[in-house]
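Peer 1: Please find one structure pasted underneath; my questions will follow.
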Amino acid sequence: MDFFEHQRTAKTNTLWLSILFAGAVTLIVLLVYGVVLCVAAYQQQLSAAGGVARSAPALDFSWWHTELFLTSAAATLFVIFLGTACKRWSLSGGGTAVAESLGGRQLNRSTTDPAESRLLNVVDEMAIASGIPCPLVYLLDDENGINAFAAGDRPDNAVIGVTKGCLDALDRDELQGVMAHEFSHIFNGDMKLNLRMMGLLHGILLISISGTIIMRSVSLRAGHRYRRRSNNNDAKGAIFILCLGLALFLIGSVGVFFARLIKAAVSRQREFLADAAAVQFTRNPDGIAGALKKIGGLVRGAQLHSPKAEEASHLFFGNAFKGQWFATHPPLIERIRRIEPRFEGKFPRVTHSKTSHSDSSLVSQLAAGNQLSASEVTAEAVPSTPDQTAKVRFDMEATIERVGTLLPENLQQAQQVQSQIPQTLRTLTQDPFGACVTVYSLLLDRNADIRKRQIASLAKHAQGAVLREMKRHWSAFRQLSGGTKLPLVELAMPALKQLTGEQYQGFQKNLNRLISADNDIQLFEFLLRRTVLSHLKKLHDATRRKQRPESATQVHAAAADLISALAIAGHADHQQALTAMQQSMHSLSPSWNVNSQTNPSAQIDFVAADRGLTLLSDTTLNIKQRVLRACAVCIEHDGQTTPDELLLLRVIGDALGLPMPLQKTYSP
Amino acid sequence: MNLLIWIVVAAAVIGVFLIVLLINIYNRLVQLRNRFENSYSQIDVQLKRRYDLIPNLVETAKAYLKHERETLEAVIAARNQAVSANNKAAESPSDPAAIQAMIGAESALGGSIGRLFALMENYPDLKGNENMLSVQEELSSTENRIGFARQAYNDSVMSYNARRESFPDILLAGIYGFQEAVYWLIEDATERETPQVDF
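So the protein lines, in turn, are chains B and R. The first sequence begins at 1 in our numbering and counts up one residue at a time. The second sequence begins at 1001 in our numbering and counts up one residue at a time.
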């Protein structure tokens, strides 16, 4: 099953979820109507039996009262709708909203706590390796159980949450296993499904809440009335309302019961898939098996304190609550046996004390993962010439298959790339100020004249502090090898996401000024700008709606712009580029022709490519898959793969929401 | 009797609507408050870095400024004061009193460090000392980050205060206990100067 099939399965599951939910809602509406009917009949009996004459004519007893049904149905549906809509609104903040509601604390990237920085490293490594932007990481300080979650609605706004218990009890391999499991949820489209479930469930929950509130208010009022004067009918009226409240509460509970069953049914299968994916990504079954065993050995297991966790229980790595019927996750032993068939069922004793952090030193961590000695890691990075053509064989099918997955070699590549980045620059990316400095510095031109212009423009529009800091680190930046530049930007993304609205505006303007200082856009500048701004823009401009393209012609035009950029980037000879473009556009639309609309010059039209990419990012998954395939055809055309092509492909994948794993772009 | 049912249903519906509205207002304010508390934690990280640098600064200076003990002691005292004020503020950044105390302690610290640097002008040996230069560079780089983080903090405080003072949030802010957040404004002359940087 590849990424695209996973997404489609997730969509089908969502459909199932909606159908089951609709069924539950219908049941509830009927129940509410039934209750209201009983109450009405009871009330009618009272008025008939009591001495007080009622002006309204007696209702004859039949099971169906249209207006009563419509009223109660409308009220019920309104309540459910309101609950769902509100939850959806509150979850529209994405993963951060979920993480904060669970009491998570955003981990500061400049943290000096070795356990926290180890976690950040594991997450960063996996993000760079798989091609998604480094996610924000939240820590649930008060939770001692071993558990983790991933929340968000797209891979590029995913958020990872981890309990304190994880940091204390798991070693690096096990942590990596758990993270791999969570990352697979991100890739499989599970997060969106989970959030939808949370939203729908909340609607049913609201009924039981409103029932509770009615009960409470009535019992207070009834108490008052009774003391003041005992009027039979008044008391009975109060009791009637009390019963209504109670009934609503009970009905709501029934709804919750069914909803939990639905959650459990939908979630459990996905958990097995995620476990399997984790093993596939790391090729290290011991990691995730070890984590599962430790959960078994820990008294607290994976349980969580926070009452809010109930709503999000299906998001987590392990069962957050006891109880088989509503278990959102398969039993531990079964999960372990699927990974390790010979597991006997003996769990290791796990205590709360921190395991020895023998791998706490950053340098030795990287070295251990990469089998480089410590001295090699700290040595100066050797700059490689940007025009180096790596004779890397490009396998089109494999590339499409690898979207949204990970292999150990990608992880190793990520580790190697990170080890080539000097520690001072890594530290620089950890806070928002330093992250801005990083991005500006990466855009400084090698040519001294252009650089002077860039610095002058920054002097006018940025704080003096920024330039001072840039000067401090300039020599380190100058020596960075080409393959580490974009990963460095990816590392800076989480800190950049913390820029406030105004800071972002200033940053964006400075970025554009730096790029246009030489009145020309280079490929690297385009890639950097695309990587940085497209993600930040989504953060600061949440009101932008998806604009589905109107027609196939638009899609083809956008794809043409994009592929022409790719073709020119990968072929030195312009004729060859045109042929490549022709071939790849053919795979997309057989009738397409290289005509006057195509860019005739040998220069890449970055503006058009950017526009095309934005348009294509709003299309359906099917179209995106075909566009990706067309890109792959283009790259494969001449049998040679240049680093530029691979970098561009990765950025294209990122823009389309198709995470592309990190491959070797420069020959060793 | 029909009327009674209508009334109950209508009341329930309105009741639910109000409850949901109240919850939403609360959640929105909580979200914005979380954001500025988060911004404070950015400042906190950088402040701690600065506080850790100061003992180094004082130690290096001690060897040269043998007769200026008072100035040095003042710096250490101000630093300790700021550390404890920061710890309190970091625990509850939404407490205006804690933030005010923090701002006060920080400006006192800034003042005493300023006096130390002014004094150092008379001791060129100290000024040129390698360790001193490196500590000063670290300090200035940390200052840069503090300034940036403060700006972010003020931005998020502004969003929170604006929302809190709007309608209908203002009606409930008092009940919920959402207090007005404090801005951190400092006159920082160094931020205004245009550097003559060339590289």
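Every residue, glycine too, gets a C-beta built ideally from N, C-alpha and C.
(1) Leaving out the 5 sequence neighbours to the left and right, which residues in its chain are closer than 7 Å to B:Ala609 when beta-carbon positions are compared?
(2) How many angstroms separate the CA atom of B:Gly653 from the CA atom of B:Leu27?
(3) Could you say if the region 626–633 of chain B and the region 91–101 of chain B meet the contact criterion of at least three C-beta pairs nearer than 8 Å?
(4) Using a beta-carbon distance below 8 Å, is R:Asn1161 in contact with chain B?
(5) Looking at B:Leu170: is its Cβ nearer than 8 Å to the Cβ of B:Lys294?
(6) Hey, would you say the C-beta of B:Thr14 is under 7 Å away from at least one heavy atom of the ligand NAD?
(7) Distance cutoff 8 Å, beta carbons only. Does R:Val1008 sit that close to anything in chain B?
(8) With a Cβ-Cβ cutoff of 8 Å, do B:Arg268 and B:His329 count as a contact?
(9) Hey, B:Glu143 and B:Leu304: beta-carbon distance below 8 Å or not?
(10) Leaving out the 5 sequence neighbours to the left and right, which residues in its chain are closer than 7 Å to R:Asp994 when beta-carbon positions are compared?
(11) Label B:Val651 either buried or exposed according to how many other C-beta atoms from any shown protein chain fall within 10 Å of its C-beta, with 16 as the threshold for buried.
(12) So with CB distances below 9 Å, who are the chain R contacts of B:Gly501?
(13) Would you call the region 501–509 of chain B and the region 548–561 of chain B in contact, with 3 or more CB pairs under 8 Å?
(14) Please check the pair R:Ser1140 and R:Leu1032, which I expect to be a contact at CB under 8 Å, by giving their CB distance rounded to whole angstroms.
(15) Check whether chain R comes within 8 Å of B:Ile241, counting only Cβ atoms and requiring the distance to be less than that.
(16) Using a C-beta to C-beta distance shorter than 7 Å, which residues of chain B count as neighbours of R:Ala1074?
(17) Roughly how many whole angstroms lie between the Cα atoms of R:Asn1056 and R:Gly1111?
(18) By a C-beta neighbour count over all protein chains shown, 10 Å radius and 16 as the cutoff for buried, is B:Asn13 buried or exposed?
(19) Taking only three categories from DSSP, how would you classify B:His6?
(20) B:Leu304 lies in the beta strand (DSSP E); which residues open and close that run?
(21) Establish whether the CB of B:Val254 and some CB of chain R are separated by less than 8 Å.
(22) Does any residue of chain B have a CB that is nearer than 8 Å to the CB of R:Ser1134?
(23) Please report how far the alpha carbon of B:Thr66 lies from the alpha carbon of B:Val32, in whole angstroms.
(24) Run through chain R and tell me which residues come within less than 7 Å of B:Gln106, C-beta to C-beta.
(25) Could you confirm whether any beta carbon from chain B is found closer than 8 Å to the beta carbon of R:Val1045?
(26) From the DSSP output, read off the bridge partner residues of B:Gln106.
(27) Determine the direct distance from the alpha carbon of B:Leu119 to that of B:Phe69, and round the result to whole angstroms.
(28) Mind checking if B:Ser457 is an interface residue toward chain R, Cβ cutoff 8 Å exclusive?
(29) Using a Cβ-Cβ cutoff of less than 6 Å, which residues in the same chain neighbour R:Ile1175 once the five nearest sequence positions on both sides are dropped?
(30) Give the single residue among B:Arg349, B:Asp286, B:Ala558 whose Cα lies nearest to the Cα of B:Pro341.
(31) Could you tell me whether the Cβ of R:Phe1178 comes closer than 8 Å to any Cβ of chain B?
(32) Below 8 Å CB to CB, which residues in the same chain sit around B:Val466 once its five sequence neighbours on both sides are set aside?
(33) Please report the distance separating the alpha-carbon of R:Ala1010 from that of B:Asp153.
(34) Check this for me: beta carbons of B:Ala302 and B:Ile288, under 8 Å apart or not?
(35) Residues bridged to B:Phe149 by DSSP?
(36) Going by C-alpha distance, which of B:Leu195, B:Arg349, B:Ile204 is nearest B:Ala10?
Peer 2: With the structure as the only source:
(1) Asp561, Leu562, Ala565
(2) 44 Å
(3) no
(4) no
(5) yes
(6) Annotation note on the ligand NAD: not contained in the displayed structure, which lists no ligands.
(7) yes
(8) yes
(9) yes
(10) Here chain R has residues from 1001 to 1199 only, and residue 994 of chain R is not among them.
(11) buried
(12) Asp1155, Ser1159
(13) no
(14) At roughly 32 Å, the Cβ-Cβ gap does not stay under 8 Å, so R:Ser1140 and R:Leu1032 are not in contact.
(15) yes
(16) None at all; the shortest Cβ gap to chain B is about 26 Å.
(17) 18 Å
(18) buried
(19) helix
(20) B:Leu304 -> no beta strand (DSSP E), and no H or E assigned at all.
(21) no
(22) no
(23) 14 Å
(24) Asn1038
(25) yes
(26) B:Tyr138
(27) 55 Å
(28) no
(29) none
(30) B:Asp286
(31) no
(32) Phe433, Cys436, Val437, Tyr440, Leu458
(33) 36 Å
(34) no
(35) B:Gly161, B:Phe316
(36) B:Leu195
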